[in-house]
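Colleague: The structure that follows is given in the form of structure tokens.
There are 2 protein chains.
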Amino acid sequence: MSKNLTTRAEDYSKWYNELVVKADLAENSAVRGCMVIKPYGYAIWEKMQAELDRMFKETGHQNAYFPLFVPKSMFEAEEKNAEGFAKECAVVTHYRLKNDPDRPGKLMVDPNAKLEEELIVRPTSEAIIWSTYKGWVQSYRDLPLLINQWANVVRWEMRTRLFLRTAEFLWQEGHTAHATKAEAVEESEKMMNVYADFAQNFMAIPVIKGIKTETERFAGAEETYCIEALMQDGKALQAGTSHFLGQNFAKAFDVKFANAEGKQEYVWGTSWGVSTRLMGALVMTHSDDQGLVLPPSLAPIQVVIVPIYKSDEQLEAISTEVNILTAALRKMNVSVKFDNRTTQKPGFKFAEWELKGVPVRIAVGPKDLENGTFEVARRDTLTKEVVSKDGIETYISDLLEKIQKELFEKALNYRNTHITEVNSFEEFKEVIDSKGGFVSAHWDGTAATEEKIKELTKATIRCIPLDRVEEAGSCVFTGESSIGRVLFAKAY
Amino acid sequence: MSKNLTTRAEDYSKWYNELVVKADLAENSAVRGCMVIKPYGYAIWEKMQAELDRMFKETGHQNAYFPLFVPKSMFEAEEKNAEGFAKECAVVTHYRLKNDPDRPGKLMVDPNAKLEEELIVRPTSEAIIWSTYKGWVQSYRDLPLLINQWANVVRWEMRTRLFLRTAEFLWQEGHTAHATKAEAVEESEKMMNVYADFAQNFMAIPVIKGIKTETERFAGAEETYCIEALMQDGKALQAGTSHFLGQNFAKAFDVKFANAEGKQEYVWGTSWGVSTRLMGALVMTHSDDQGLVLPPSLAPIQVVIVPIYKSDEQLEAISTEVNILTAALRKMNVSVKFDNRTTQKPGFKFAEWELKGVPVRIAVGPKDLENGTFEVARRDTLTKEVVSKDGIETYISDLLEKIQKELFEKALNYRNTHITEVNSFEEFKEVIDSKGGFVSAHWDGTAATEEKIKELTKATIRCIPLDRVEEAGSCVFTGESSIGRVLFAKAY
Chain U
1 MSKNLTTRAE DYSKWYNELV VKADLAENSA VRGCMVIKPY GYAIWEKMQA
51 ELDRMFKETG HQNAYFPLFV PKSMFEAEEK NAEGFAKECA VVTHYRLKND
101 PDRPGKLMVD PNAKLEEELI VRPTSEAIIW STYKGWVQSY RDLPLLINQW
151 ANVVRWEMRT RLFLRTAEFL WQEGHTAHAT KAEAVEESEK MMNVYADFAQ
201 NFMAIPVIKG IKTETERFAG AEETYCIEAL MQDGKALQAG TSHFLGQNFA
251 KAFDVKFANA EGKQEYVWGT SWGVSTRLMG ALVMTHSDDQ GLVLPPSLAP
301 IQVVIVPIYK SDEQLEAIST EVNILTAALR KMNVSVKFDN RTTQKPGFKF
351 AEWELKGVPV RIAVGPKDLE NGTFEVARRD TLTKEVVSKD GIETYISDLL
401 EKIQKELFEK ALNYRNTHIT EVNSFEEFKE VIDSKGGFVS AHWDGTAATE
451 EKIKELTKAT IRCIPLDRVE EAGSCVFTGE SSIGRVLFAK AY
Chain W
1 MSKNLTTRAE DYSKWYNELV VKADLAENSA VRGCMVIKPY GYAIWEKMQA
51 ELDRMFKETG HQNAYFPLFV PKSMFEAEEK NAEGFAKECA VVTHYRLKND
101 PDRPGKLMVD PNAKLEEELI VRPTSEAIIW STYKGWVQSY RDLPLLINQW
151 ANVVRWEMRT RLFLRTAEFL WQEGHTAHAT KAEAVEESEK MMNVYADFAQ
201 NFMAIPVIKG IKTETERFAG AEETYCIEAL MQDGKALQAG TSHFLGQNFA
251 KAFDVKFANA EGKQEYVWGT SWGVSTRLMG ALVMTHSDDQ GLVLPPSLAP
301 IQVVIVPIYK SDEQLEAIST EVNILTAALR KMNVSVKFDN RTTQKPGFKF
351 AEWELKGVPV RIAVGPKDLE NGTFEVARRD TLTKEVVSKD GIETYISDLL
401 EKIQKELFEK ALNYRNTHIT EVNSFEEFKE VIDSKGGFVS AHWDGTAATE
451 EKIKELTKAT IRCIPLDRVE EAGSCVFTGE SSIGRVLFAK AY
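As structure tokens, then:
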């Protein structure tokens, strides 16, 4: 198979779009801004889901399901949240079609089936969930509520890109309710940490934990915690957010509880989510000009075995060896595919599995049979080795761990060499325009400066890192005093 | 806890509604016709999903995800399908809200943000999926496509009931494409069999496999296979359907392939689905006046252990024993909960876990400690036994299997004693009105007779059983000749 992939150096954005489609992850649908997630892409998403779901349950959360639609009056109850999402809402106004008298066999919206109140297709579920929580919370004994939902949401984005920004996307959204502010803050931080663990240990994507400035905060939150990743083109990508909601939604939906002394108090809330956007982060963190590079923990196929043969007898002899290897690998929970298609040549298969990012490829031919060896190729480094068949399953299993670790280290090294401290606005612009990455700079803490810098450079404050050291300084733009550096970057 | 549940004899319908809410399965939301699936109910649904997903993958299917919205012109392409769903479609007409000048702080639909083409919220996904398949199929080598989707769908039903009929529901929908008619028919039958296996072996619900009459067939299908279950009130419930679509959607969306001889042919299709409606079937098949009865394979908690104690010392001694038992049970993959809440009395706990259908309850007090025993209660039979602690984990594990088996047998016995052969319309009406259940009768094969019988008795033809024996007879209503019996029933 010929890959014909635009290179990253030629056009990073084009490379990404082509790769997502050619590697069978997703494609644009006939519906504006909505994507089709293809089986190979969906299998990766399922792996993410399974691991996240396990982590949520381990931290005491349960899944539930809430309606897709939010009545307009409910949607507008928390004003800031409503205002934040109003401009990108899909609105259901009718509940029936009828035959179109002007176009035989065709349909039209039935004007007699107009809803009394419009329904918003959920862009996020705080409103519908907090209106439900009102019925679930009476006393402090009902708290905390620790609930997660796997769902689709719709945000009518004008410019969309596969996985990164789509009108409909899949996500999980956690919504919790607590008796005290301290507990809710702890929960928000805990879930940010769960996301960071997941990104780093499972997706091999290094992230910086931080909090958002007021400008970038979730509409309706008191504080937004985030994890920020860096893509290979030097642009940042927000990989997950966790919001401390204060009592905003409790007040909007009148969710109170009787405390231990019998006094009525408003509940404290959090919400947190990650989405199919992570698929975009995955592609842009690890992949190369040959195609996808998948960390072993996310690869639907971890090892592919390609036979090299000229006759049916050879294929048969190879198959016998491969079946032994396959069984040994499966016993070690390695997912393996024997690509014994007779319709394609080895070269085609090599290119296809490279494009699809299978971490390890094993080739085996008559020579290997004679020598008792296999040829083992790594997708990430594009290197090959000849390995004795004795104990090869342990070798492979160790190799997969090693690849996982090295992918993270490589991404971490890239990220770390792309955080640049600057002390003047000249330097700031220079770094943002040429090298990219995160720019660590002093900022005077005002939204006006943030806005101005964005206008001039397209860079925004990605976060105030949680681990920043206090350091007196002066704002890179206004010269006003600052107590520490924040991270700027252009972002997806 | 006081259950205060209406009994089935008093009012079956009320019993069902109360039970679903009180057992924490689901509740009505503020959105008309849409439900909230609560954590306990969702945990059961997750178990169904996991098992079905495993069965689908084992039969060669992959998951994918397609858009929530279907443009109207696409929706109407397959005319019969469109006509079948047109009357219950939620329609998105606008993509933005704006501030309402007449109501400060409130929002209104922005009239300037009207969509050029309305979007239908999918009631089912044949249209969007077949429009996608067009791009995926060129040659016979691309076939079969064996794809499943887990999703939410919306059908604007006027009268809704939790799980049984809701405006939004969760389901899976398989959509496959094949090179030959024979393969597509085989696939439809295979998936009906998968559903039947799942219902019987996992949900302990006996089902009858059959095909639908033309009247009851899925809009756009050539043949609808179904599995039909019988509820305790003598009404039937369609528990799953699998459709042979012929070339209808291939023609509507122009999905052709080049066969081995290079000739263009239309693809053959199937679709098949089960939904959260199965939750309703589960409740109505096994539960009783004390609450839910869950088959062990679907129970989020299979065993609950309740300590009976008067002092902290006693609780401590009991806990030591319970921890040993819990560990032993978990090792055998039994999910177990130790209900050591100090805020509730044992009687309350017993009632609560009965209401929630936990299959086995173990009680343990100081006397048991002395004697080295536990008290083991079965939820389904409401019987108790004292069991020695030696080897109790094997006893419990065997008991769970036994309960699973006996629940099925009990339901099967009920079902089998509620299939009544009738040979006159008098008898037909008499059985339908008094005893209920399936009525096995000769029918002349016309839609007119079917319709007339429905008008007079509210009974519809649930299916033409696949295993029916050919038997010459005359229609119970018209006296016209018939080649075999079909099953009538009132239905959910």
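Chains as they are written, first to last, in the UniProt record's numbering: chain U, 1 to 492; chain W, 1 to 492. C-beta: ideal position from N, C-alpha, C; glycine also.
(1) With a CB to CB cut of under 7 angstroms and the five nearest residues on each side skipped, what residues in its chain are close to U/Glu76?
(2) Hey, is W/Gln172's beta-carbon within less than 8 angstroms of any beta-carbon in chain U?
(3) Here's a check: name, in chain order, each residue in its chain whose Cβ is nearer than 7 angstroms to the Cβ of U/Gln149, leaving out the five neighbours to either side.
(4) Note down, in chain order, every chain U residue with its Cβ under 8 angstroms from the Cβ of W/Ile147.
(5) Taking a Cβ distance cut-off of 9 angstroms, strictly less, list which residues of the region 245-273 of chain U are near chain W, in chain order.
(6) With a threshold of 8 angstroms between beta carbons, is W/Tyr42 in contact with chain U?
(7) Output the residue ranges of the beta strand (DSSP E) runs that lie fully inside the region 294-338 of chain U and measure 3 residues or longer, sorted by chain position.
(8) Express the C-alpha separation of W/Ala363 and W/Pro346 in angstroms, rounding to a whole number.
(9) Mapping DSSP to helix, strand and coil, what is U/Trp156?
(10) Should W/Lys114 and W/Leu355 be called a contact, given that it needs their Cβ atoms to be closer than 8 angstroms?
(11) Is there a C-beta anywhere in chain W that falls below 8 angstroms from the one on U/Leu107?
(12) Taking a Cβ distance cut-off of 9 angstroms, strictly less, list which residues of the region 64-86 of chain W are near chain U, in chain order.
(13) For W/Gln404, which residues from the same chain have a beta carbon less than 8 angstroms from its beta carbon, with the 5 sequence-adjacent residues on both sides left out?
(14) Distance check for W/Phe374 and W/Asp368, CA to CA, integer angstroms please.
(15) Helix, strand or coil for W/Lys209 per DSSP?
(16) Considering just the uninterrupted stretch of the beta strand (DSSP E) at W/Gln264, what are its terminal residues?
(17) Please report the Cβ distance between U/Val304 and U/Lys337, rounded to the nearest whole angstrom; I am assuming they are in contact, meaning their Cβ atoms lie under 8 angstroms.
(18) Rounded to the nearest angstrom, what separates residue 501 of chain U and W/Lys389 at their Cα positions?
(19) So, is U/Asn112 buried or exposed, given that buried needs 16 or more other C-beta atoms within 10 angstroms?
(20) Can you list, in chain order, the residues of its chain with a C-beta nearer than 7 angstroms to that of W/Ile483? Leave out the 5 residues immediately preceding and following it.
(21) Of all Cβ atoms in chain W, is any one closer than 8 angstroms to the Cβ of U/Ala9?
(22) Below 8 angstroms on C-beta distance, what does U/Tyr95 contact in chain W?
(23) Can you tell which of U/Lys349, U/Thr320 and U/Pro300 has its C-alpha closest to the C-alpha of U/Asn333?
(24) Along the chain, where does the alpha helix (DSSP H) that runs through W/Lys134 open and close?
(25) Could you say which of U/Leu329, U/Leu5, U/Trp443 and U/Trp15 lies nearest to U/Arg462 if we only look at CA atoms?
(26) Just to check my reading of the structure: W/Glu214 and W/Ala447 have Cβ atoms closer than 8 angstroms, yes? What is that Cβ distance to the nearest angstrom?
(27) Is the shortest distance between the beta-carbon of W/Val31 and the beta-carbons of chain U less than 8 angstroms?
(28) Take the Cβ of W/Pro101 as the centre, count every other Cβ of all protein chains shown within 10 Å, and call the residue buried at 16 or more, exposed below.
(29) Would you check if the distance between the CB atom of U/Tyr492 and the CB atom of U/Met231 is smaller than 8 angstroms?
(30) Ignoring anything shorter than 3 residues or poking outside the region 72-101 of chain U, list the beta strand (DSSP E) runs there in chain order.
(31) Have a look at U/Lys80 and U/Ser73 and give me their C-alpha separation to the nearest angstrom.
(32) I'd like to know whether the C-beta of W/Glu126 is nearer than 8 angstroms to at least one C-beta of chain U.
(33) In this structure, what does DSSP give as the bridge partners for W/Asp11?
(34) Exposed or buried, which one is U/Ile324 when buried takes at least 16 other CB atoms within 10 Å?
(35) Do you know how far the Cα of W/Pro144 is from the Cα of W/Ala281?
(36) Does the region 242-252 of chain U touch the region 261-276 of chain U, meaning 3 or more C-beta pairs lie closer than 8 angstroms?
Modeller: Straight from the coordinates:
(1) Contacts found: Ala82.
(2) It does not: the Cβ of W/Gln172 has no partner Cβ on chain U nearer than 8 angstroms.
(3) Apart from the 5 residues on each side of it in sequence, U/Gln149 sits with its Cβ closer than 7 angstroms to the Cβ of Asn63, Ala64, Tyr65, Phe66, Ser125, Gln172 and Glu173 in its chain, given in chain order.
(4) In chain order: Pro39.
(5) Within the region 245-273 of chain U, no residue qualifies.
(6) Among the CB atoms of chain U, one or more fall inside 8 angstroms of the CB of W/Tyr42.
(7) Contiguous beta strand (DSSP E) elements confined to the region 294-338 of chain U occur at 303-307 and 336-338, taking only those with 3 or more residues.
(8) The alpha-carbon of W/Pro346 is positioned some 9 angstroms away from that of W/Ala363.
(9) In the three-state DSSP reduction, U/Trp156 falls in the coil class, being neither helix nor strand.
(10) Between W/Lys114 and W/Leu355, the C-beta gap is not smaller than 8 angstroms, which leaves the two residues out of contact.
(11) Yes - at least one Cβ of chain W is within 8 angstroms of the one on U/Leu107.
(12) The region 64-86 of chain W vs chain U, Cβ under 9 angstroms: Ala64, Tyr65, Phe66, Pro67, Leu68, Phe69, Val70, Pro71, Lys72, Ser73, Met74, Phe75, Glu76, Glu79, Ala82, Glu83, Phe85 and Ala86.
(13) Exclusion of the five residues before and after W/Gln404 leaves Ala204, Pro295, Pro296 and Ser297 as the residues of its chain whose Cβ lies within less than 8 angstroms of its Cβ.
(14) Taken atom to atom, the span from the alpha-carbon of W/Asp368 to that of W/Phe374 is near 6 angstroms.
(15) The answer is strand: DSSP assigns W/Lys209 an E or B state.
(16) Its beta strand (DSSP E) spans residues Gln264 to Tyr266.
(17) Going by Cβ atoms, the distance from U/Val304 to U/Lys337 rounds to 5 angstroms, so yes, they are a contact pair.
(18) This structure gives no information on residue 501 of chain U, because the portion of chain U shown stretches from 1 to 492.
(19) Burial call: exposed.
(20) Around W/Ile483: Glu470 and Ala472.
(21) Under the 8 angstroms criterion on CB atoms, U/Ala9 is classed as non-interfacial with respect to chain W.
(22) In chain order: Glu88, Cys89, Ala90, Val91 and Trp156.
(23) Among U/Lys349, U/Thr320 and U/Pro300, the Cα nearest to that of U/Asn333 is on U/Pro300.
(24) W/Lys134 -> alpha helix (DSSP H) spans Glu126 to Trp136.
(25) When U/Leu329, U/Leu5, U/Trp443 and U/Trp15 are compared, the shortest CA-CA separation from U/Arg462 is found for U/Trp443.
(26) Contact flag correct, Cβ pair sits at about 6 angstroms.
(27) Closer than 8 angstroms to some Cβ of chain U, the Cβ of W/Val31 qualifies, so yes.
(28) The C-beta of W/Pro101 has fewer than 16 other C-beta atoms within 10 Å across all chains shown, which makes the residue exposed.
(29) A contact, by the Cβ cut-off of 8 angstroms.
(30) Look at the region 72-101 of chain U and you find these whole runs of beta strand (DSSP E), each 3 residues long or longer: 91-94 and 97-99.
(31) Looking at the two C-alpha atoms, the distance is approximately 14 angstroms.
(32) Answer no: the Cβ-Cβ gap between W/Glu126 and chain U never drops below 8 angstroms.
(33) According to DSSP, which records beta bridges pairwise, W/Asp11 is partnered with nothing at all.
(34) With fewer than 16 Cβ atoms within 10 Å of its Cβ, U/Ile324 is classed as exposed.
(35) So the two alpha carbons sit approximately 32 angstroms from each other.
(36) The region 261-276 of chain U is in contact with the region 242-252 of chain U.
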